[in-house]
Amino acid sequence: MKMSQEKPSQPKLPPTTALDNPSSHEFGNWFEYPLRVQPHHTDYSGVVWHGSYLAWMEEARIECLRSIGIEFADLVAIGCDLPVVELSLRYHRSIQLGMAVVVKTRMAEVTGVRINWDYAIVSTDGQELYVTAKVTLVALDRERGKIMRQLPPSFKDALAKISALNND
Numbered sequence: 001m002k003m004s005q006e007k008p009s010q011p012k013l014p015p016t017t018a019l020d021n022p023s024s025h026e027f028g029n030w031f032e033y034p035l036r037v038q039p040h041h042t043d044y045s046g047v048v049w050h051g052s053y054l055a056w057m058e059e060a061r062i063e064c065l066r067s068i069g070i071e072f073a074d075l076v077a078i079g080c081d082l083p084v085v086e087l088s089l090r091y092h093r094s095i096q097l098g099m100a101v102v103v104k105t106r107m108a109e110v111t112g113v114r115i116n117w118d119y120a121i122v123s124t125d126g127q128e129l130y131v132t133a134k135v136t137l138v139a140l141d142r143e144r145g146k147i148m149r150q151l152p153p154s155f156k157d158a159l160a161k162i163s164a165l166n167n168d
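Be aware that the sequence shown starts at 1, since it is given in full-length UniProt numbering, and climbs by one per residue.
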């Protein structure tokens with residue numbers, strides 16, 4: 001009697017949803033934040049450390065807001081903070097020390113005081129997809145430490161500019 005040499009099948013991860021494929025691989029109307037991987041972004045083997053992606057995404061979001069006239073310091077000055085309340089990340093392939101990449105971001109939707117952002121980290125030529133992510137922020141009254149009932153009017157108007165761009 002001969003025993004089978006076949007390996008048992010590996011368990012497969014359940015399929016994921018929107019993080020597998022961003023809504024548009026063409027990335028039209030996305031804010032682009034280019035960067036080059038520095039040694040402090042990586043682990044001991046020269047692969048980008050997972051926490052670096054979060055910092056890059058926040059930098060891209062802050063620069064996107066700045067590009068439409070919203071300075072984060074101004075939000076803080078009027079008593080508004082935007083903490084992350086939900087985050088999901090999907091790693092498609094690793095990024096190595098010295099590589100140049102582009103963090104693409106766009107505001108997906110605003111629902112009340114919740115602001116949803118989409119992200120994709122891609123190669124500079126757009127051919128390689130490294131990371132996709134979704135982040136939800138909520139407007140918080142810094143003084144009271146409570147969620148705001150509505151966004152400050154100037155902030156809401158500025159976000160409408162981003163929405164208009166995304167819907168073109």
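We treat Cβ as the ideally placed atom computed from N, Cα and C, and that holds for glycine. These figures come from a predicted structure and were not determined experimentally.
Check for me: the alpha helix (DSSP H) holding residue i runs from which residue to which?
i     : result
MET57 : 50-67
On the CB-based measure, 16 or more other CB atoms within 10 Å of its CB, does residue i come out buried or exposed?
i      : result
LEU137 : buried
ARG66  : exposed
ARG144 : exposed
LEU87  : exposed
THR105 : buried
ARG61  : buried
Under DSSP, the beta strand (DSSP E) around residue i begins and ends at which residues?
i      : result
ALA73  : Per DSSP, ALA73 belongs to no beta strand (DSSP E); it is in the alpha helix (DSSP H), 72-77.
ALA133 : 129-138
THR42  : No beta strand (DSSP E) holds THR42; DSSP gives it neither H nor E.
ILE95  : It is not in any beta strand (DSSP E) - ILE95 carries neither H nor E in the DSSP assignment.
ASN116 : 114-123
LEU35  : 31-36
Tell me which residues share the same chain as residue i and place their Cβ nearer than 7 Å to its Cβ, disregarding the 5 neighbours each side in the sequence.
i     : result
PRO22 : Note that PRO22 scores 48 on pLDDT, short of 50, meaning its location in the model is unreliable and no value can be drawn from it.
THR42 : VAL48, TRP49 and LEU97
LEU89 : TYR53, VAL131 and ALA133
GLN30 : The question names Gln, but residue 30 in the sequence shown is Trp. For TRP30, where only same-chain residues beyond five positions count, the Cβ hits under 7 Å are LYS104, THR105 and ARG106.
Can you grab the Cα-Cα spacing for the pair residue i / residue j, in whole Å?
i      : j      : result
PRO34  : PRO153 : 31 Å
CYS80  : VAL135 : 18 Å
MET45  : ARG93  : The sequence given here places Ser at residue 45; Met does not occur at that position. Between SER45 and ARG93, the C-alpha separation is close to 15 Å.
SER24  : ALA100 : Note that SER24 scores a pLDDT of 42, beneath 50, so its modelled location is shaky; the value from the coordinates is reported in the next line. So the alpha carbons of these two residues sit roughly 21 Å apart.
ILE115 : GLU109 : 6 Å
GLU128 : SER52  : 18 Å
GLU58  : GLN38  : 17 Å
Quick one: residues in its chain with C-beta nearer than 8 Å to the C-beta of residue i, no 5 flanking neighbours on either side, listed in chain order?
i      : result
ILE147 : VAL113, VAL138, ALA139, LEU140 and ASP141
Would you say residue i touches the ligand FAD, meaning its beta carbon is less than 6 Å from a heavy atom?
i      : result
ILE121 : The model depicted lacks the ligand FAD and carries no ligand whatsoever.
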